[in-house]
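What follows is one structure encoded as structure tokens, with my remarks underneath.
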Amino acid sequence: MAAPEPTDRIEIGARRFAWRAVGSGPRLLLLNGYAATGADWDPTFLAALGESFEVICPDNRGVGGSDLGEEELTVDGMAADLEALLDALGLDRAPVVGWSMGGFVAQRLVARSPRRVSALALLSTDPGGPGAALPDPEV
30 MAAPEPTDRI EIGARRFAWR AVGSGPRLLL LNGYAATGAD WDPTFLAALG
80 ESFEVICPDN RGVGGSDLGE EELTVDGMAA DLEALLDALG LDRAPVVGWS
130 MGGFVAQRLV ARSPRRVSAL ALLSTDPGGP GAALPDPEV
């Protein structure tokens, strides 16, 4: 399965926010690490998820088809982008999977709008901040 092309874009203020979709079924938000786009997911992984879900793969702010914009780049701002995306898709809520920095954004989305997230899966991430329990360097 080839990397999905951007299927749509919305305007958030003066910025474009892009995403890709693959598969069919209930919608699932799949959030990548910061410097990665929605097209950077492993095709086998996407194909497996796409058998059960329409997987929505956004391009984070400032990468791929999404503009960086003028405002400060924050995890909270990236979570707000996802709220705008859910609105544009007509979704009151959706399951969310966050990997790496996408996990930070997913956790912030739940903190901002708990009713918008029906389920949460976190892959290779932590909550950030001084309370985060990081692995030992040798790990």
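Okay, so the sequence shown: first residue is 30 according to our numbering, each after it adds one.
By construction, the Cβ of each residue, glycine as well, lies at the ideal position given by its N, Cα and C atoms.
Below 8 angstroms, can you find three or more Cβ-Cβ pairs linking the stretch 90-100 to the stretch 112-121? no
With DSSP collapsed to three states, give me the class of GLU167. Translated into positions along the sequence shown, residue 167 becomes position 138. Reduced to three states, the DSSP call for GLU167 is coil.
Quick one, are the C-beta atoms of VAL134 and LEU75 less than 8 angstroms apart? Along the sequence shown, one-based indexing puts residue 134 at 105. Along the sequence shown, one-based indexing puts residue 75 at 46. For VAL134 and LEU75, no; Cβs fall outside 8 angstroms.
Comparing alpha-carbon positions, which option in PRO124, PRO156, GLY132 lies nearest GLY54? Along the sequence shown, one-based indexing puts residue 54 at 25. Of the candidates PRO124, PRO156, GLY132, the one whose C-alpha sits nearest the C-alpha of GLY54 is PRO124.
Hey, could you find the ends of the beta strand (DSSP E) PRO124 is sitting in? Translated into positions along the sequence shown, residue 124 becomes position 95. Note, PRO124: beta strand (DSSP E), 123-128.
Hey, out of ASP165, ALA140, TRP128, whose CA is closest to ASP69's CA? Taking the sequence shown and counting its residues from 1, one reaches residue 69 at position 40. The shortest C-alpha separation from ASP69 is found at TRP128.
Applying the 10 Å Cβ sphere with the 16-neighbour rule, what's the burial state of VAL168? Translated into positions along the sequence shown, residue 168 becomes position 139. Under this definition VAL168 is an exposed residue.
Return the Cβ separation of GLY98 and GLY42 in integer angstroms, given the expectation that the two are a contact with Cβ distance under 8 angstroms. For the purposes of this step, residue 98 is taken as the residue at position 69 of the sequence shown. For the purposes of this step, residue 42 is taken as the residue at position 13 of the sequence shown. So it is a contact: roughly 7 angstroms between Cβ atoms.
Starting from the N-terminal side, write out each stretch of the beta strand (DSSP E) that is 3 residues or longer and does not extend beyond the stretch 48-114. 56-60, 83-87
Which residues does DSSP list as the beta-bridge partners of ARG137? As a position in the sequence shown, residue 137 is number 108, starting the count at 1. Partner(s): none; ARG137 has no beta bridge.
Over what stretch of residues does the beta strand (DSSP E) that includes LEU151 continue unbroken? For the purposes of this step, residue 151 is identified with residue 122 of the sequence shown, where counting begins at 1. Element bounds for LEU151: 146-152.
Helix, strand or coil at ASP37 according to DSSP, with G and I counted as helix: Taking the first residue of the sequence shown as position 1, residue 37 is located at position 8. ASP37 falls in the strand class under three-state DSSP.
Beta-carbon gap between PRO87 and GLY67 smaller than 8 angstroms: Taking the first residue of the sequence shown as position 1, residue 87 is located at position 58. Taking the first residue of the sequence shown as position 1, residue 67 is located at position 38. Cβ atoms of PRO87 and GLY67: closer than 8 angstroms.
Can the beta-carbon of ARG49 be found less than 8 angstroms from the beta-carbon of GLU83? For the purposes of this step, residue 49 is taken as the residue at position 20 of the sequence shown. For the purposes of this step, residue 83 is taken as the residue at position 54 of the sequence shown. Not closer than 8 angstroms, so no.
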